[in-house]
Amino acid sequence: MSLTTRRTRMAATALAAVLAAGGLAACGKDDDKPAEGEKPAKLVVDTFGEMGYDELVKQYEQQTGIKVELRKTAQLGEYRPKLVRYLATGKGAADVTALEEGILNEFKANPRNWADLTPLVADHSTEYLPWKWELGKAPDGRLIGLPTDVGSLAVCYRKDLFQAAGLPTERDQVSALWPDWNGFHQTGQKYKQATGKGFIDSITAVSNGVLFQQGTDLFYDQENNVIADSSPAVKAAWETATSMVDISAKASTWSPEWSGGFKQGTFAATFCPSWMLGIVADNSGEANKGKWDVASVPGGSGNWGGSWLAVPEQSKYPKEAAKLAEFLTNATSQVEAFKLKGPLPTNLEALKNEAFLSYTNEYFSNAPTGKIFGESVANIKPIHFGPKHQAVKENAFEPAMRAFENGQASKDKAWEQFTKDAQTQGAF
Amino acid sequence: MSLSATTAPPSPATPPPDVAARRRRGSLLNRLDLKYSPYLYIAPFFLIFGVFGLYPMLRTAWMSLHDWDMIGDKTFIGLDNYTQLLSDDYFWNALVNTFGIFALATIPQLLLALFLANLLNRTMLRAKTFFRMAIFVPNVVSVAAVAIVFGMLFQRDFGLFNWLLSFVGVDQIDWRAQSWSSWTAIATMVNWRWIGYNTLILLAGMQAIPKDLYEAAAIDGAGPWRQFWQITLPMLKPTFLFVVILSTIGGMQLFTEPLLFANGSIIGGNQREFQTLAMYMYEKGIYNLSTAGYGAAVAWAIFMIIVLVSLINFILVRRSAK
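Those sequence lines, one after another, are chains A and B.
All residue numbers for the first sequence refer to the numbering used here, where the first residue is 18 and numbers rise by one.
All residue numbers for the second sequence refer to the numbering used here, where the first residue is -17 and numbers rise by one.
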């Protein structure tokens, strides 16, 4: 036997061994679902950001004797790839998994990954904001998510900067400045004239506000065709936002210019879903405590963000997991979570709760955030998100808008860039 | 005593039978040991490489032939992904960006590393070990930390570089808004991290050059400059090839720096000014759940490009060595 053939044979054997190992690993899926009615020793809950479940899971442990492990991931950006890995490999997903509005749709596109909750929990369909409840359903009719919170929408503004520019500072008077987007633009122009600085952080912040107030189809129609170039809602958001380029500080959301801008006062107002309040407070720091306040959003209520709790099909205890999700989303739990970390309730009873309505936020000049956000929630109009809403918004709509804002492209060129990219990003 | 094909060659003096048998058995083990144990010693590497290197590669190749939804259906479509890739503007855009950043990062980096290595190689330098250690420190810092700090330095509104430039009358630059500025910023991060590493490798190569060559050259009247050009550089060629190929692999796979520079946006700039190939692969293969097959095709395209560029390097350096 010559040396070369022997080498080849060795290599072939090694390769075969490796492939066999890989194959074995692939076949190693465990199908050992426990017997019916067996009580689980432990349930796992996956959340991102701060959903305020820390105390609630302890209560649940005491009530049921089932241990609950709460796995928190700080940012949605890290959370999503992990979840994708769990689903793609069929392993590792928590029994109860939080799904955010922006990513819910793409996971709904493959509903088989999620347990149908309808037979597992009592009928709660009338207890929540109706549109929020509907969005938890997959296209094939399965109920895959129980509603947790909504973002709602308000304007956060700096009282001290408003005062320096000769604008009113009381939250009711400020809200009265902008019944509509035109009023908002004019206030911004007054501010810019007085101070020479940008009024709003960026025009994409404006476009978010307008988009989420539309209450109709955005980038997709009801049949989930991409309609980015013809959608009136998208066009409205585009026109309103691009018209405000003169009052923008050009600090796009989440950029270092943006987070630094809060401390430096490069802009005097930004749009605040209720979960944004904590972020504004963190970025502005202790030194700016009491300088921020919360006013209503121009042009009526809207919603930015919010989540659902779902049970992955791979969970070994779908029944008990659904019970836990049911507990975490009930009225009492939602008020508890709001008081702890601020996610806005979606349960109608929670929204009427006295403790919720009387809550004031110390950092934001004691603004009655429970009342402000609670009232706006009732007026939120449901929006139809398509399967790739988040990708179209983040990777086509907003970049094109920023290219215009920075003077990299004319308005027409930027619109062209958006409609072209929307097709690729929106395909699924 | 019968001599089978497997027995040892006959020894010069025939020993008594029992001793011979023992020796034969010993030599058989010995020969087995000689023949096969080397394979056993290197087996762990190949096993690990097989599981974490080869298997993922083959799997990726298999995925690239499918319309592959990460959490849904998978359909075999042959080479369609690759045909689509050839006419994909954003793929070519990412390719141009990658090569642009690669050129800005590699050329100054290797020149500077060569200069520094030559400096550190001088015999009269004091505190040599200190400098050699110090120059390696940037490489030890986590890439995310580097990218975040440099991202702040290159900020538009409060960045250090814009502040410094304002003293010489340069207007505020939005570093992320043009290709040239974003490439420069990213190349700066790469250079900062890798100059020290390359310096050390080149320094090691320089120290392997026999001293008597320099002495002979000095006797013949060659100054330090001439010695550098005619002894150091030609003798350093194999080391240089190694460094260039490593930089190529790193440059083609550039991911973390541009991603963090874009504040985590996978498209790298409003008009994809600095989206690299690796970022495009991630966008298609992982960010967009339903195009994982296409992402796998991008991954294989990157692999082919690295092989191609490395081959060109190899041929160039080998030809000039002749």
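Ideal Cβ positions, reconstructed from N, Cα and C, are used throughout, including at glycine.
The model shown is predicted, which means the values in this text are computed figures rather than measured ones.
Keeping to the same chain, check which residues put their C-beta closer than 7 Å to that of residue i; ignore five residues upstream and five downstream.
i: GLY387 of chain A; result: PHE373, LEU374, SER375, TYR376
i: ALA129 of chain B; result: MET171, THR238, GLU239, LEU242, PHE243
i: GLU433 of chain A; result: none
i: GLU265 of chain B; result: ILE248, ILE249
i: ALA283 of chain B; result: LEU67
Taking the CB atoms as reference points, tell me whether residue i and residue j lie closer together than 8 Å.
i: LEU341 of chain A; j: TYR77 of chain A; result: yes
i: ILE397 of chain A; j: VAL167 of chain A; result: yes
i: GLU330 of chain A; j: ASN130 of chain A; result: yes
i: MET52 of chain B; j: VAL328 of chain A; result: no
i: SER324 of chain A; j: SER393 of chain A; result: no
i: VAL280 of chain B; j: LEU293 of chain B; result: no
i: TRP309 of chain A; j: PRO290 of chain A; result: no
i: ASP62 of chain B; j: GLY277 of chain A; result: no
i: TRP157 of chain B; j: ALA167 of chain B; result: yes
i: LEU236 of chain B; j: THR88 of chain B; result: no
i: ASP234 of chain A; j: ALA250 of chain A; result: yes
i: ASP157 of chain A; j: SER332 of chain A; result: no
i: VAL225 of chain B; j: LEU184 of chain B; result: yes
i: ASN252 of chain B; j: GLN79 of chain A; result: no
i: LEU326 of chain A; j: THR165 of chain A; result: yes
i: VAL311 of chain A; j: ILE217 of chain A; result: no
Quick check on DSSP: helix, strand or coil for residue i?
i: VAL152 of chain B; result: coil
i: VAL328 of chain A; result: coil
i: SER272 of chain A; result: coil
i: LEU107 of chain B; result: coil
i: LEU68 of chain B; result: helix
i: ASP47 of chain A; result: Because ASP47 of chain A sits at a pLDDT of 45, beneath the cut-off of 50, its placement in the model cannot be relied upon, and the point is left open.
i: PHE65 of chain A; result: strand
i: ASN383 of chain A; result: coil
i: TRP207 of chain B; result: helix
i: GLY109 of chain A; result: coil
i: PRO164 of chain A; result: strand
i: GLY323 of chain A; result: strand
i: ASN364 of chain A; result: strand
Measuring straight from C-alpha to C-alpha, what distance separates residue i and residue j?
i: ASP70 of chain B; j: GLY250 of chain B; result: 17 Å
i: GLN421 of chain A; j: ARG108 of chain B; result: Per the sequence shown, residue 421 of chain A should be read as Phe rather than Gln. Roughly 55 Å separates the two Cα atoms.
i: LEU29 of chain B; j: ALA132 of chain A; result: 39 Å
i: GLY246 of chain B; j: HIS202 of chain A; result: 30 Å
i: LYS369 of chain A; j: ARG97 of chain A; result: 33 Å
i: VAL352 of chain A; j: THR346 of chain A; result: 10 Å
i: GLY40 of chain A; j: VAL33 of chain B; result: Low confidence applies to GLY40 of chain A: its pLDDT is 42, below 50, so where it sits in the model is not reliable, and the reading given next is rough at best. Looking at the two C-alpha atoms, the distance is approximately 11 Å.
i: VAL289 of chain B; j: PHE179 of chain A; result: 60 Å
i: LEU98 of chain B; j: PHE31 of chain B; result: 35 Å
i: THR90 of chain A; j: ASP63 of chain A; result: 8 Å
i: GLN442 of chain A; j: GLN407 of chain A; result: 9 Å
i: SER9 of chain B; j: ALA25 of chain B; result: 24 Å
i: GLN154 of chain B; j: GLN190 of chain A; result: 37 Å
i: GLY45 of chain A; j: ALA105 of chain A; result: With a pLDDT of only 39 at GLY45 of chain A, under 50, the local geometry of the prediction cannot be trusted, and the value read off the model is given with reservation. The straight-line gap from Cα to Cα measures roughly 15 Å.
i: GLY187 of chain B; j: MET261 of chain A; result: 60 Å
i: LYS437 of chain A; j: ILE264 of chain A; result: 28 Å
i: THR204 of chain A; j: LEU184 of chain A; result: 8 Å
i: ASP48 of chain A; j: LEU134 of chain A; result: Bear in mind that the predicted position of ASP48 of chain A carries a pLDDT of just 46, short of 50, making it too unreliable to give a figure here.
i: PRO20 of chain B; j: LEU14 of chain B; result: 10 Å
i: GLU415 of chain A; j: LEU215 of chain B; result: 51 Å
i: ARG104 of chain B; j: LEU77 of chain B; result: 40 Å
Within a Cβ cutoff of 6 Å, which residues of the same chain sit near residue i, ignoring the five residues on either side of it in sequence?
i: GLY178 of chain B; result: ILE117, PHE118, PRO120, ASN121
i: TYR380 of chain A; result: ALA298, LYS306
i: LEU86 of chain B; result: TRP165, ALA169
i: ASN378 of chain A; result: ALA384, THR386
i: GLN230 of chain A; result: GLY316, GLY317, GLY319
i: VAL409 of chain A; result: PHE236, ALA439, GLN442, GLY443
i: PRO335 of chain A; result: ALA132, VAL328
i: TYR269 of chain B; result: ILE248
i: TYR103 of chain A; result: GLY109, ALA110
Please go through the same chain and pick out, in chain order, the residues whose beta-carbon is closer than 8 Å to the beta-carbon of residue i, but skip the five residues on each side of it.
i: MET115 of chain B; result: none
i: LYS280 of chain A; result: ASN300, SER301, GLY302, ALA304, ASN305
Hey, is the segment 267 to 280 of chain A in contact with the segment 132 to 143 of chain A, meaning 3+ C-beta pairs nearer than 8 Å?
A contact is defined here as three or more CB-CB pairs under 8 Å, and the segment 267 to 280 of chain A fails this definition with respect to the segment 132 to 143 of chain A.
With a cut-off of 8 Å, do at least 3 Cβ pairs link the segment 235 to 253 of chain A to the segment 401 to 414 of chain A?
Touching, per the Cβ criterion.
With contact counted as at least three CB pairs below 8 Å, one residue from each stretch, are the segment 259 to 276 of chain B and the segment 45 to 62 of chain B in contact?
Result yes; three or more Cβ-Cβ pairs closer than 8 Å.
With contact counted as at least three CB pairs below 8 Å, one residue from each stretch, are the segment 137 to 151 of chain B and the segment 180 to 197 of chain B in contact?
The count of Cβ pairs closer than 8 Å, one atom from the segment 137 to 151 of chain B and one from the segment 180 to 197 of chain B, stays below three, leaving the stretches out of contact.
Any C-beta of chain D within less than 9 Å: which residues of the segment 113 to 145 of chain A qualify?
Included in the structure are the protein chains A and B, with no chain D among them.
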